[in-house]
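Everything on this sheet refers to the single structure shown next.
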Amino acid sequence: MDSISPTVPHFTMTTDWLAFTLPSSSVHDVTQVLGGDWTKGNGGYRGYPLSWVLAGGTRGTGKIGIGAPRSPREVHVDLSAGIVSAWPVDKIKAILQWVFDHKGHLTRIDCALDDRHSHVPIEQVRHAILAGQMVGRPHKSKSVDGLDIHKTESTGATLYLGSPHSQTMLRIYDKRLELKEKHQANWQDYGIRWELQFRDDRANLCGRLLRLLEPEEWVRFIVSVLRGYVDFRDTSKDEPNWARCRAPLLPWWMELTNGLAQCRLTVEKQARTIEQVKIWAKQSLGPMLAVLNEAAGKDWFNELLDDGKRRWKSRHRDLLNHEESPKDRSDS
Numbered sequence: 158m159d160s161i162s163p164t165v166p167h168f169t170m171t172t173d174w175l176a177f178t179l180p181s182s183s184v185h186d187v188t189q190v191l192g193g194d195w196t197k198g199n200g201g202y203r204g205y206p207l208s209w210v211l212a213g214g215t216r217g218t219g220k221i222g223i224g225a226p227r228s229p230r231e232v233h234v235d236l237s238a239g240i241v242s243a244w245p246v247d248k249i250k251a252i253l254q255w256v257f258d259h260k261g262h263l264t265r266i267d268c269a270l271d272d273r274h275s276h277v278p279i280e281q282v283r284h285a286i287l288a289g290q291m292v293g294r295p296h297k298s299k300s301v302d303g304l305d306i307h308k309t310e311s312t313g314a315t316l317y318l319g320s321p322h323s324q325t326m327l328r329i330y331d332k333r334l335e336l337k338e339k340h341q342a343n344w345q346d347y348g349i350r351w352e353l354q355f356r357d358d359r360a361n362l363c364g365r366l367l368r369l370l371e372p373e374e375w376v377r378f379i380v381s382v383l384r385g386y387v388d389f390r391d392t393s394k395d396e397p398n399w400a401r402c403r404a405p406l407l408p409w410w411m412e413l414t415n416g417l418a419q420c421r422l423t424v425e426k427q428a429r430t431i432e433q434v435k436i437w438a439k440q441s442l443g444p445m446l447a448v449l450n451e452a453a454g455k456d457w458f459n460e461l462l463d464d465g466k467r468r469w470k471s472r473h474r475d476l477l478n479h480e481e482s483p484k485d486r487s488d489s
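Counting from 158, one number per residue, gives the positions in the sequence shown under the numbering used here.
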């Protein structure tokens, strides 16, 4: 297993998804508040006949749906992890306040607590559940594992607690493996993620509270919600419910939640890789580049590349410097 740098904090938290609906607004007003480069989509979204998409390369997906015949000025917004996790806390709080000021409501918000050094492996959590040591609200769990058959290597491990259709669900998964599979440059800086997904009324209540809290209070609040949803205690499935709920906490669970409660609310800096940029260029720029090559000719196209190289900034050079050598790729 690849070792994590000792400089990486043991525990962090990020806001990982945000979705909301406004009863009366416009694409212009929403995009002015959110920022970013939005373009009109080719079709509808979530039952809305018109859509807009946030162009962001590999950072994540942002979508807006509008134009429903029943409510033409209603606007729905979905912002995935790659977008929201990179926002400063003040921006998230300002957007939450703006949504509620305009009589909107949240439909989803995810909060991710990261055990960066993998103090508690997923297998340990599975074992505790099977031993009847989990006390909490979920009645069902589901485990999903990924495997590269040719390399016989694990590509992912996720444990779901609760139903995806309920207003609260907990995902516990190997964030390091997920990012490694996506060719994320900083995948080694992650470990096991405990991610709470809130929907509808619970998302709305969570958002109303979070917009008022300081970052430290925000973290402690989410950890308290986590412990209200699941607890791991020194008990067994054969014990009566009253005894299970009063049993002492398992030491690993106490250490994990105490560590998470003292962690920092962070802004994720997602480093791009050449592989990610290649995928983005192929999907977003490929057709237009082909038109330019056909219409202007290869000489013009080569001049474009030379001019682009002269305009490189530090972020472009950093991207190139982080590219793996051919030997590294063949060994992976």
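For each residue, glycine too, the CB sits at the ideal point set by N, CA and C.
Can you check the segment 388–419 for any alpha helix (DSSP H) of at least 4 residues that lies completely inside it and give the ranges in chain order?
398–403, 408–418
Can you grab the Cα-Cα spacing for the pair Arg-359 / Asp-235, in whole Å?
The residue given as residue 359 occupies position 202 in the sequence shown. The residue given as residue 235 occupies position 78 in the sequence shown. Straight-line Cα distance between these residues: approximately 17 Å.
Let me confirm a value: Lys-470 is counted as buried when at least 16 other C-beta atoms fall within 10 Å, else exposed. Which label applies?
Locating residue 470 in the sequence shown gives position 313, where the first residue counts as 1. With fewer than 16 Cβ atoms within 10 Å of its Cβ, Lys-470 is classed as exposed.
At the level of alpha carbons, what is the spacing between Val-184 and Leu-417?
Against the sequence shown, residue 184 aligns to sequence position 27. Against the sequence shown, residue 417 aligns to sequence position 260. The straight-line gap from Cα to Cα measures roughly 38 Å.
Leaving out the 5 sequence neighbours to the left and right, which residues in its chain are closer than 6 Å to Arg-230 when beta-carbon positions are compared?
On the sequence shown, position 73 is the one that residue 230 refers to. Here the set comprises Ser-181.
Bridge partners - Glu-460, DSSP secondary structure assignment
Here residue 460 refers to the residue found at position 303 when the sequence shown is read from its first residue. Looking at the DSSP assignment, Glu-460 forms no beta bridge with any residue, so it has no partner.
To the nearest angstrom, report how far apart Gly-222 and Lys-248 are at their CA atoms.
In the sequence shown, counting from the first residue as 1, residue 222 sits at position 65. In the sequence shown, counting from the first residue as 1, residue 248 sits at position 91. Gly-222 and Lys-248: Cα-Cα distance of roughly 22 Å.
So, helix, strand or coil for Tyr-386, using DSSP?
Counting from one through the sequence shown, the residue named residue 386 turns up at place 229. The answer is helix: DSSP assigns Tyr-386 an H, G or I state.
Can you have a look at Ser-487 and say buried or exposed, based on whether 16 or more other CB atoms are within 10 angstroms of its CB?
If you number the sequence shown from 1, residue 487 lands on position 330. Summary for Ser-487: the model assigns pLDDT 36, below 50, so the residue's position carries little reliability, and this model does not support an answer.
Out of Pro-206, Pro-245, Ser-242, Ala-238, point me to the one whose CA is closest to Arg-227's CA.
For the purposes of this step, residue 227 is taken as residue 70 along the sequence shown, with counting starting at 1. The candidate whose alpha carbon is nearest that of Arg-227 is Pro-206.
Minimum length 3: unbroken beta strand (DSSP E) runs contained in the segment 250–322:
262–272, 291–293, 298–305, 310–318
Just to confirm before moving on: does the CB-CB distance between His-262 and Asn-361 stay below 8 Å?
As a position in the sequence shown, residue 262 is number 105, starting the count at 1. As a position in the sequence shown, residue 361 is number 204, starting the count at 1. Yes, the pair counts as a contact, with Cβ atoms nearer than the cut-off.
Just curious, the alpha helix (DSSP H) that Ala-453 is in, first and last residue?
Here residue 453 corresponds to residue number 296 of the sequence shown, with the count starting at 1. From DSSP, the alpha helix (DSSP H) with Ala-453 extends over 443–453.
Leaving out five residues before and five after Tyr-330 in sequence, what residues of the same chain have Cβ atoms less than 8 Å from its Cβ?
Translated into the one-based positions of the sequence shown, residue 330 becomes position 173. If we look at Tyr-330 and ignore the five residues flanking it on each side, its Cβ neighbours are Ile-279, Gly-313, Ala-314, Thr-315, Leu-316, Ile-349, Arg-350, Glu-352.
Using only CA atoms, which one of Thr-264, Trp-457, Ile-286 lies nearest to Val-387?
Your numbering for residue 387 matches position 230 in the sequence shown. Residue Ile-286 is the option with its Cα nearest to Val-387.
Spatial distance of Gln-189 from Phe-389 (CA atoms):
Translated into the one-based positions of the sequence shown, residue 189 becomes position 32. Translated into the one-based positions of the sequence shown, residue 389 becomes position 232. Approximately 45 Å, taken between the alpha carbons.
Given a cut-off of 8 Å, decide if Phe-257 and Arg-365 are closer than it, judged by their beta-carbon atoms.
Within the sequence shown, numbered from 1, the residue matching residue 365 stands at position 208. Within the sequence shown, numbered from 1, the residue matching residue 257 stands at position 100. Against a cut-off of 8 Å, the Cβ pair of Phe-257 and Arg-365 comes out as a contact.
Applying the 10 Å Cβ sphere with the 16-neighbour rule, what's the burial state of Ser-320?
Locating residue 320 in the sequence shown gives position 163, where the first residue counts as 1. Flag for Ser-320 reads exposed.
Given 8 Å, three or more beta-carbon pairs between the segment 289–305 and the segment 374–388:
yes
What residue range does the beta strand (DSSP E) around Arg-138 cover?
Because the chain spans 158 through 489 in this model, residue 138 falls outside it and cannot be assessed.
Please state the DSSP three-state secondary structure of Ser-183.
In the sequence shown, residue 183 corresponds to position 26, counting from 1. Ser-183: coil per DSSP, three-state reduction.
Going by Cα to Cα distance, which pick from Met-291, Leu-270, Trp-255, Ser-208 is closest to Ala-404?
In the sequence shown, counting from the first residue as 1, residue 404 sits at position 247. Looking at the Cα atoms, Met-291 is the closest of the given residues.
Return helix, strand or coil for Asp-173, following the three-state DSSP convention.
One-based indexing of the sequence shown puts residue 173 at position 16. DSSP places Asp-173 in strand when its eight states are reduced to three.
Can you find at least 3 beta carbon pairs, one from the segment 264–284 and one from the segment 191–206, that sit closer than 8 Å?
no
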